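I have placed the structure first, in the form of structure tokens, so that the comments after it can refer back to it.
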Ligand code: ADE
Ligand code: ZN
Ligand code: ZN
């Protein structure tokens with residue numbers, strides 16, 4: 014290539030890279046970091062039989078490798094978009110399925126609606142259905158891993174301003190958050206996590222320690238609706254108006270919520286996967302010793318961790 018052509022080529026490549034970076038802004042879920050950390054916590058609680066079933070379905074990949082797959086296919090399968098969240102209004106403390114979970118537009122008679130609580134139950138059923146082809150069960154596993162993460166992102170459980178996507182904020186004095194203009198939702202998907210500045214291993218180990226110290230295993234049960242209502246409660250508390258300044262005090266308080274939700278998301282994901290894929294004779298480590306299988310199992314708890 015002639016030098017002049019080389020320069021033109023290099024400039025076009027730079028412009029294309031910049032356009033790509035700007036176009037990749039939207040964040041729909043915990044960013045990739047949040048989903049990966051949730052899956053890494055879960056991996057620490059999987060039984061050997063669950064791990065083997067996952068390895069077979071994913072052809073050797075780990076759940077931490079595929080945790081963001083559902084975001085990657087979202088633009089080519091836009092009908093899956095509403096499966097990532099649940100729009101409980103800020104003014105309401107509780108989930109109401111008729112109000113907050115729309116019926117499927119293509120198939121209004123379907124028993125499964127288009128919000129994250131319904132889709133977790135739907136994909137639990139498909140993952141456990143051994144009459145389905147392996148690729149469909151693998152797809153169900155990939156959706157489940159992702160949605161157990163999303164339901165623990167508080168802003169995925171509040172409907173106002175599209176989960177805070179429409180709330181412009183500044184983050185520690187800047188209105189630009191990496192590739193995107195700071196908004197409340199993105200701060201929760203990505204910026205708070207990034208600000209923690211921990212490697213995957215350090216973050217996972219810190220969360221495993223917090224789980225042990227706080228006995229969070231006792232909260233590994235519960236239902237998707239109960240998890241979403243706790244997320245919603247955190248979101249109402251974390252909500253901020255347009256133009257709000259996300260400062261060190263906000264970060265200090267909300268980082269505790271982020272940590273608890275990542276840890277609980279991981280624990281609950283492991284419990285769901287052990288129940289569906291694991292062999293019943295292997296003790297589930299997400300259940301604290303006192304709750305080990307007994308004639309009279311302890312009730313599933315759903316309280317939010319004390320802050
Ligand atoms: N779009 C509309 N509501 C949303 C929410 N709560 N989270 C993410 N995306 C949304
Ligand atoms: Zn998502
Ligand atoms: Zn999001």
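Residue numbers (our numbering): 14 to 320. The C-beta atom is built at its ideal place from N, Cα and C for all residues, glycine as well. Since the structure is predicted, the reported quantities are computational estimates derived from the model, not experimental observations.
- According to the DSSP assignment, residue 184 belongs to the beta strand (DSSP E) that extends over 182–184.
- Taking the Cα positions, residue 246 is about 24 Å away from residue 216.
- Following the DSSP letters along the chain, one finds residue 219 inside the alpha helix (DSSP H) bounded by residues 213–227.
- Per DSSP, the unbroken alpha helix (DSSP H) holding residue 205 starts and ends at 205–209.
- Scanning its chain for C-beta atoms nearer than 8 Å, with the 5 sequence neighbours on each side dropped, one finds around residue 280 the residues 54, 55, 58, 224, 229, 230, 232, 233 and 299, in chain order.
- Spanning the alpha carbons of residue 262 and residue 236 requires a straight line of approximately 32 Å.
- In the DSSP assignment, residue 258 falls within the unbroken beta strand (DSSP E) covering 257–259.
- Contact check for residue 133 against residue 113 fails: the beta carbons are separated by 9 Å or more.
- Taken in chain order, the whole alpha helix (DSSP H) runs of length 4 or more contained in the segment 117–161 are 129–141.
- Relative to ligand 3, residue 82 has its C-beta separated by 8 Å or more from all heavy atoms.
- Shortest gap from the CB of residue 98 to any heavy atom of ligand 3: under 8 Å.
- Per DSSP, reduced to three states, the secondary structure at residue 187 is strand.
- Residue pairing by DSSP puts residue 194 in a beta bridge opposite 189.
- In the same chain as residue 213, and ignoring 5 residues on each side of it, the C-beta atoms closer than 7 Å to its own belong to 49, 50 and 53, in chain order.
- Per DSSP, residue 58 lies in no alpha helix (DSSP H) and is assigned neither H nor E.
- With a contact defined as Cβ atoms closer than 8 Å, residue 178 and residue 198 qualify at about 4 Å.
- Assigned with DSSP and collapsed to three states, residue 169 falls in helix.
- Short note on residue 94: C-beta not closer than 8 Å to any heavy atom of ligand 3.
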